[in-house]
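> Following full-length UniProt numbering, the numbering of the sequence shown begins with 1 at its first residue and continues without gaps. We put the CB at the ideal spot given by N, CA and C, even for glycine.
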Amino acid sequence: MAKVGKVALVGAGPGDPNLLTGLAQQKIMNADVILFDRLVDPSIVSMANSSAKLIDVGKLPHHHLVKQSQTNQMLVDLAKQGLQVVRLKAGDPFIFGRGGEEAQFLIKNNVSFEVVPGITSALGGLTAVDIPATHRDFSSSVHIISAHLKGDQSNLNWANLAQMEGTLIFLMGMENLPFIVSELVKNGKDKNCPVAIIQWATQWRQKSVFGSLANIEDIVEEQHVASPSIIAIGNVVQLHEELFRIKKMDHQRFIIAAGGNKDLIDELRGQGAGVLTFSDDYQYQADRLNLSMLVKQHRLIFDNHVASDLFIDFVTQQGVDMRRFSESEIVATSQQLAEYLAQKMIAVDRVVPMADIGAEDGSLVAENEVKYGASVKNIIQIGITPRSDDLDYGDADVTMLITNLSSVDNVVSFLRLHWPNEWSKIKIVVESADRASFLREQGFRNVKELSEITIDTVVDRFGGNK
1 MAKVGKVALV GAGPGDPNLL TGLAQQKIMN ADVILFDRLV DPSIVSMANS
51 SAKLIDVGKL PHHHLVKQSQ TNQMLVDLAK QGLQVVRLKA GDPFIFGRGG
101 EEAQFLIKNN VSFEVVPGIT SALGGLTAVD IPATHRDFSS SVHIISAHLK
151 GDQSNLNWAN LAQMEGTLIF LMGMENLPFI VSELVKNGKD KNCPVAIIQW
201 ATQWRQKSVF GSLANIEDIV EEQHVASPSI IAIGNVVQLH EELFRIKKMD
251 HQRFIIAAGG NKDLIDELRG QGAGVLTFSD DYQYQADRLN LSMLVKQHRL
301 IFDNHVASDL FIDFVTQQGV DMRRFSESEI VATSQQLAEY LAQKMIAVDR
351 VVPMADIGAE DGSLVAENEV KYGASVKNII QIGITPRSDD LDYGDADVTM
401 LITNLSSVDN VVSFLRLHWP NEWSKIKIVV ESADRASFLR EQGFRNVKEL
451 SEITIDTVVD RFGGNK
């Protein structure tokens with residue numbers, strides 16, 4: 001009997017993976033295919049099964065990676081192949097997420113579907129900065145408005161909006177902020193009315209600013225606040241000052257491998273830190289390695305332990321004697337790696353830190369362009385790429401925490417992948433002197449050591465809103 005496919009329109013919530021519903025997580029983990037939007041936090045997408053196909057259909061301002069009509073058709077085609085399909089959307093799929101349109105298209109094409117609600121950023125974002133959307137003394141209603149205006153911007157009744165006593169929440173409105181402010185004031189809204197803008201609400205890189213209709217544009221420009229943000233206008237915004245609770249790790253941002261570090265991650269978030277997690281479960285594809293081409297190369301460069309093991313396993317599986325590489329110069333990017341290769345019966349001819357490999361050796365392929373190995377000029381780079389290689393991790397100022405539960409090789413590969421031009425400048429805190437030395441040999445310039453990475457030692461080093 002043919003397998004029956006189904007589509008789940010899943011709300012990913014406002015961003016923080018801890019705000020994802022249990023049913024949403026279940027759907028993500030059991031999906032064969034996930035079509036996700038740009039605003040979905042990468043750590044939520046990484047909950048997918050390792051065999052799941054991930055398709056980025058995200059939309060940037062003025063640029064759609066995939067047209068909505070194409071997304072609709074993909075949902076139908078994939079489901080009719082008997083696959084369990086998740087359409088993963090930020091917030092709630094039925095609140096400005098075009099989930100209603102997708103549901104109509106699925107019905108029209110006789111595809112079974114279900115809808116999994118999510119917390120909309122319009123409300124979750126306000127709560128994240130301690131602003132109640134309603135309050136008996138300030139606001140008895142909430143109005144969620146799409147500010148993604150096109151063509152004739154008079155389609156909104158600005159006179160009506162300006163006179164409402166409730167909280168106005170604009171989504172997708174940063175580009176039109178001057179127009180929104182102008183229309184509200186022109187139609188009678190007090191220019192001193194409080195305004196809050198929350199960027200990346202509830203996510204690890206959340207940023208918020210506060211002001212009034214009179215000065216919010218200047219504040220946004222000074223603080224470099226951009227999309228994606230929610231704009232909240234109303235008297236409830238002033239409650240932020242009264243209700244806001246300062247935490248020791250507010251404004252601190254960290255990256256940490258998810259495997260084995262859950263307690264530390266939860267504690268850091270509980271102290272107010274923004275924490276980006278990534279999976280250090282790396283995959284590779286050996287079929288990208290051309291063995292006949294490989295043995296002809298006069299130089300092989302190894303840049304991490306894991307990739308070295310993958311290379312040896314691949315060659316062994318092909319029944320090739322390692323002596324066939326005797327004519328090749330073997331280069332390792334650290335002394336520790338050279339010693340490790342020696343244990344594997346591979347004699348290293350030269351140790352060259354990764355930061356020094358360049359002009360005289362040829363240009364390396366960027367790691368996000370290869371899976372297992374690739375040839376460029378006279379170099380073979382054996383590398384590994386994380387499953388999340390297509391996800392946007394942003395450009396926030398962060399510190400990488402590397403505990404002894406994490407693979408330092410995988411972390412190095414992750415940083416080089418997602419910050420290809422800035423990886424050497426990333427701030428890193430590591431638990432051991434040996435690991436710190438290894439990272440410095442790899443070219444990282446800002447490496448600090450802690451005897452142990454725990455919530456207490458991290459708070460002591462970074463806490464107090466330093």
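Report all residues from its chain with a CB closer than 8 angstroms to the CB of SER451; omit the five preceding and five following residues, and keep chain order.
Excluding positions up to five away in sequence, the list reads GLU431, THR457.
> Between ASN160 and GLY15, what straight-line distance do the alpha-carbon atoms span, to the nearest angstrom?
Cα to Cα, the separation comes out at about 32 angstroms.
> Between the alpha carbons of VAL315 and ASP321, how many angstroms are there, rounded?
Computed Cα separation, rounded: 8 angstroms.
> Going by DSSP, what residue range makes up the alpha helix (DSSP H) through ASN261?
Element bounds for ASN261: n/a, residue is neither H nor E.
> Using a 10 Å radius around the Cβ and a threshold of 16 neighbouring Cβ atoms, would you call SER112 buried or exposed?
Classification for SER112: exposed.
> At a cut of 8 angstroms, does the segment 216 to 231 reach the segment 243 to 262 through at least three beta carbon pairs?
They do not touch, by the three-pair rule.
> Would you call the segment 157 to 175 and the segment 262 to 277 touching, i.e. three or more CB-CB distances under 8 angstroms?
Counting Cβ pairs under 8 angstroms, fewer than three are found: no touch.
> Between the Cα of ASP190 and the Cα atoms of SER212, PHE311, SER326, which residue gives the shortest distance?
The residue with the shortest Cα to Cα distance from ASP190 is SER212.
> Within the present structure, is the beta-carbon of THR399 separated from the nearest heavy atom of the ligand FAD by less than 7 angstroms?
This structure does not include the ligand FAD; it has no bound ligands of any sort.
> Which of the three DSSP states, helix, strand or coil, is assigned to residue 499?
This structure cannot speak to residue 499, because the chain is shown only from 1 to 466.
> How would you label LYS186, buried or exposed, when you count the other beta carbons within 10 angstroms and need 16 or more for buried?
So LYS186 counts as exposed.
> Apart from the five residues just before and just after GLN336, which ones in its own chain have a Cβ nearer than 7 angstroms to its Cβ?
Excluding sequence neighbours, GLN336 sits near PHE438.
> For ALA201, name the three-state secondary structure that DSSP assigns.
Note: ALA201 maps to coil in three-state DSSP.
> List the endpoints of the continuous alpha helix (DSSP H) containing THR299.
The question names Thr, but residue 299 in the sequence shown is Arg. From DSSP, ARG299 is part of no alpha helix (DSSP H) but of the beta strand (DSSP E) over 299 to 302.
> To the nearest angstrom, report how far apart VAL115 and GLY97 are at their CA atoms.
If I take the Cα positions, the gap works out to 12 angstroms.
> DSSP has SER46 in a bridge; who is on the other side?
SER46 is not bridged to any residue.
> Should SER229 and MET174 be called a contact, given that it needs their Cβ atoms to be closer than 8 angstroms?
Yes, these two residues count as a Cβ contact at 8 angstroms.
> Inspect the beta-carbon positions of VAL447 and LEU401 and report whether they are closer than 8 angstroms.
No, these two residues do not count as a Cβ contact at 8 angstroms.
> Just list the residues that DSSP pairs LEU88 with in beta bridges.
In DSSP, LEU88 forms a bridge with VAL10, PHE36.
> Three Cβ pairs or more, each shorter than 8 angstroms: is that satisfied between the segment 32 to 42 and the segment 82 to 91?
The answer is yes - the segment 82 to 91 touches the segment 32 to 42, with three or more Cβ pairs under 8 angstroms.
> DSSP on PHE314, reduced to helix/strand/coil?
If DSSP states are grouped into helix, strand and coil, PHE314 belongs with the helices.
> Within 10 angstroms of its Cβ, does ASP390 collect 16 or more other Cβ (buried), or is it exposed?
Residue placement at ASP390 is poorly supported in this model, since its pLDDT is 37, which falls under 50; the coordinates still yield a value, given next. Classification for ASP390: exposed.
> Select from VAL40, ASP56, LEU75, SER424 the residue whose C-alpha is nearest the C-alpha of VAL7.
Among VAL40, ASP56, LEU75, SER424, the Cα nearest to that of VAL7 is on LEU75.
> Mark ASN261 as exposed unless 16 or more other C-beta atoms lie within 10 angstroms of its C-beta, in which case mark it buried.
Classification for ASN261: buried.
> Where does LEU276 land, buried or exposed, given buried means 16+ other C-beta within 10 angstroms?
With 16 or more Cβ atoms within 10 Å of its Cβ, LEU276 is classed as buried.
> Quick test of your reading: GLY11 and PRO93, contact by CB under 8 angstroms. State the CB separation rounded to the nearest angstrom.
With 8 angstroms as the limit, GLY11 and PRO93 qualify as a contact, their Cβ atoms being about 5 angstroms apart.
> Do you know how far the Cα of ALA214 is from the Cα of LEU54?
Computed Cα separation, rounded: 44 angstroms.
> Since HIS224 is in the beta strand (DSSP E), which residue starts that stretch and which ends it?
No beta strand (DSSP E) holds HIS224; DSSP gives it neither H nor E.
> Looking only at C-alpha atoms, which of PHE36, ASN72, VAL66 sits nearest to GLY91?
Ranking the options by Cα distance to GLY91, first place goes to PHE36.
> What does DSSP give as the partner residue(s) for PRO194 in the beta ladder?
According to DSSP, which records beta bridges pairwise, PRO194 is partnered with SER212.
> Since GLY124 and LEU19 should fall inside the 8 angstroms C-beta cutoff, what is the C-beta to C-beta distance between them, to a whole number of angstroms?
At roughly 6 angstroms, the Cβ-Cβ gap stays under 8 angstroms, so GLY124 and LEU19 are in contact.
> In this structure, does DSSP put THR457 in helix, strand or coil?
If DSSP states are grouped into helix, strand and coil, THR457 belongs with the helices.
> When DSSP labels each residue in this structure, what does LYS186 get in the three-state scheme?
Three-state DSSP puts LYS186 in a helix.
> Per the DSSP calculation, PHE244 is bridged to which residue(s)?
For PHE244, which the question treats as bridged, DSSP gives no partner whatsoever.
> What is the rounded straight-line gap between the Cα of ARG461 and the Cα of GLN252?
Distance between the alpha carbons of ARG461 and GLN252: 11 angstroms.
> In three-state terms, what does DSSP make of ARG98?
DSSP places ARG98 in coil when its eight states are reduced to three.
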